[in-house]
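Structure first, commentary second.
In my numbering, the protein residues as written are 3 to 360.
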């Protein structure tokens, strides 16, 4: 494998990650399933025997464990695969674990392939894409203060046929103090894998729209080459009234509001940044369920000033302001149409089409 898209057209029906569950959780090839040759405890046990007893004894015990585990996988998750099934198997570096698994599958009669170099070769390609190459196409950054519905508008742009990069979706985080989404964030490595695959799938001849972000999304860092491209790209700014943004946010963050204590705990984290009376006022709004008022106060006193400070660093990149009067479904559709037209104007001189075949 010499490029990220190489796995796509290769015709594999299933990609099997033969590593332990903890290795799989940290990062894996997109779409892979985890059928470990050794689980975490077994891997630790074999490693200890290798160091404290002998490599031979470790291989003997490891071989017995591996054979039993692969047998369970064949009798369980793989039992319904027919004779034409084509799996790709990989482990950490294309060594003994994937070798043992693929040998058994091949002996059964399945056309089995191994990923040369294993996960390490995949990781090298991912790092090259996100740290060195970056986006293969021109970017347009969608900017706007908190509550401007940037993510929802980005989704509408995708439905209209534009290329988009949803960084918050890939990071499973909405990028603010209240931004945690159901389910945990992926690891940094898994985030980078998802991002690398997204970038590799973009058409270099067409621009891609991406939401303005800080260099961190929750606990994750935006990789260097992608961050540099974001900072250099032209920007379109959504201009939405504060009250409308507050109403939208109170709806969009209903999951945060519904979780007992979450809003109060998040407000408490702002204590070092604001006067005590301001924190108490926000806590009171949370206690009374005044979510729109709380959102408006947080935006006015906390988020908007910080957005303005950040925006000043990229002011020379702003290419247009898109007024949005309301964030209803109809209003979001109108905003998406205006942004599409603005992106098209930005790229008229370059001759880049917005859609395939345009």
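Idealized CB from N, CA, C, for every residue including glycine. The model shown is predicted, which means the values in this text are computed figures rather than measured ones.
Contiguous beta strand (DSSP E) elements confined to the segment 207-292 occur at 210-213 and 237-241, taking only those with 3 or more residues. Beta-carbon to beta-carbon, residue 170 and residue 177 are separated by about 5 Å, close enough to satisfy the 8 Å threshold. In this structure, DSSP gives residue 146 an extended state, which the three-state scheme calls strand. A direct Cα-to-Cα measurement between residue 281 and residue 290 gives close to 14 Å. In this structure, residue 150 lies near residue 247, with their beta-carbon atoms less than 8 Å apart. Under the DSSP assignment, residue 164 falls outside any beta strand (DSSP E); it carries neither an H nor an E label.
Its Cα nearest to that of residue 121, the residue 26 stands out among 85, 26 and 187. Of all alpha-carbon atoms in 199, 106, 13 and 304, the one lying nearest the alpha-carbon of residue 129 is that of 199. Assignment of residue 349 by DSSP, reduced to helix, strand and coil, places it in the coil class.
By the 16-neighbour rule on beta-carbons within 10 angstroms, residue 226 is exposed. Listed as beta-bridge partners of residue 106 by DSSP are no residues whatsoever.
Annotation for residue 193: 172, 173 and 222 place their beta carbon closer than 7 Å to its own, counting only its chain and skipping 5 residues before and after. Excluding sequence positions up to five before and after residue 5, its CB lies within less than 8 Å of the CB of 127 and 202, all in the same chain and listed in chain order. Distance from residue 258 to residue 265 at the Cβ level is roughly 6 Å; contact confirmed, criterion being Cβ atoms closer than 8 Å.
Pairing residue 88 with residue 15 gives a Cβ-Cβ distance under 8 Å.
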